[in-house]
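Heads up, the sequence shown is in this note's numbering, so the first residue is -12 and it goes up one at a time. Note that beta-carbon positions come from the ideal geometry of N, C-alpha and C, so glycine has one too. Bear in mind the structure is a predicted one, so any value in this text is a computation, not a measurement.
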Amino acid sequence: MNKILETKDLHAAYGQSTILWGVDMQVKRKEVTTIMGRNGVGKTTLMRTIMGLLKTTEGDIQFNEDNIKSYPTYKRAQRGIGYVPQGREIIPKLTVYENILIGTEALPSGPKTFDEDEIYSLFPILKTFRNRMGGNLSGGQQQQLAIARALVGKPQLLILDEPTEGIQPSITLEIADVLKKLVAERDMSILLVEQKLDFAKILTDQYFIMDRGKVVRNFTKENADYDELKSYLSV
């Protein structure tokens, strides 16, 4: 059972406007899978559909060989899918600690607590700013906070939508190091939406390229044609 997540002929729409037109893609265990493509081709819609924030109109979503397409979002989180949305969605009037604590709602049972030492070992800056309001952090710090919030739910699969958007290069590299560590040391699987090829190349085992709501190309890091890949990113 090498696949942790698979979509089959996945369709989704906003109202009468179909955005996803039969998306087939897979995420392998203990690997980083990256979705790439121009703006507006359906990448974020795909992530929202996987999380149950947008209803599947046709097709299936398999997670650990269980069809989850009818599951509500909270149940998908409890089954082991963590989600860091585009824009991060930090609650500005809560402290760093309180924002992280919200992520424990994804735990299926037991006390809603988390190992602070474990989280702060990944993101030391969050320990420094533990009592600072989330809205007073920089964009890069908020991104680290959003990832920490997802991790305390103990996901098997971590989904990140544009994690480098608007972030300075030094923090981008710190985030890449954390993601590598999660895969290597915690056997986590990662599904990434990313526009920056330089960042994606640091991490990615498998690429899926989207265009007009469909997957049009699939590469592994071993056979990736980066010139062709770039052609799907340019305007």
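Quick one: Cα of residue i to Cα of residue j, how far?
{"i": "T31", "j": "Q73", "result": "8 Å"}
{"i": "V71", "j": "L138", "result": "10 Å"}
{"i": "Q128", "j": "Q13", "result": "30 Å"}
{"i": "M23", "j": "L144", "result": "18 Å"}
{"i": "G121", "j": "G9", "result": "38 Å"}
{"i": "R117", "j": "T5", "result": "42 Å"}
{"i": "F50", "j": "L(-8)", "result": "5 Å"}
{"i": "L88", "j": "I77", "result": "12 Å"}
{"i": "L166", "j": "V180", "result": "13 Å"}
{"i": "K141", "j": "G69", "result": "8 Å"}
{"i": "V19", "j": "L160", "result": "16 Å"}
{"i": "G39", "j": "K56", "result": "7 Å"}
{"i": "I48", "j": "N54", "result": "6 Å"}
{"i": "D198", "j": "T36", "result": "17 Å"}
{"i": "V28", "j": "K17", "result": "27 Å"}
{"i": "L113", "j": "Q3", "result": "43 Å"}
{"i": "L216", "j": "D148", "result": "19 Å"}
{"i": "D174", "j": "Y1", "result": "35 Å"}
{"i": "Q130", "j": "T151", "result": "8 Å"}
{"i": "I154", "j": "I162", "result": "10 Å"}
{"i": "S221", "j": "Y58", "result": "36 Å"}
{"i": "S108", "j": "E45", "result": "42 Å"}
{"i": "G67", "j": "T21", "result": "19 Å"}
{"i": "K(-10)", "j": "K15", "result": "4 Å"}
{"i": "V170", "j": "I177", "result": "8 Å"}
{"i": "E92", "j": "I146", "result": "17 Å"}
{"i": "I106", "j": "R63", "result": "22 Å"}
{"i": "D102", "j": "S218", "result": "44 Å"}
{"i": "S96", "j": "T207", "result": "37 Å"}
{"i": "R119", "j": "R25", "result": "36 Å"}
{"i": "N86", "j": "P98", "result": "16 Å"}
{"i": "L7", "j": "L(-3)", "result": "7 Å"}
Taking only three categories from DSSP, how would you classify residue i?
{"i": "V28", "result": "coil"}
{"i": "V83", "result": "helix"}
{"i": "A211", "result": "coil"}
{"i": "Q128", "result": "helix"}
{"i": "I37", "result": "helix"}
Which one or two residues does DSSP pair with residue i in a beta bridge?
{"i": "R204", "result": "I196"}
{"i": "V14", "result": "L(-8)"}
{"i": "A0", "result": "T5"}
{"i": "T21", "result": "L179, Y194"}
For the beta strand (DSSP E) containing residue i, list its first residue and its last residue.
{"i": "I48", "result": "43 to 50"}
Measuring from the CB of residue i, is there a heavy atom of the ligand HEM at a distance below 6 Å?
{"i": "L(-8)", "result": "This structure does not include the ligand HEM; it has no bound ligands of any sort."}
Note down, one range per segment and in chain order, each alpha helix (DSSP H) of at least 4 residues found wholly within the stretch 123 to 196. 126 to 138, 156 to 173, 184 to 190
Quick one: complete alpha helix (DSSP H) runs, 4+ long, within the stretch 63 to 117? 83 to 89, 103 to 109, 111 to 115
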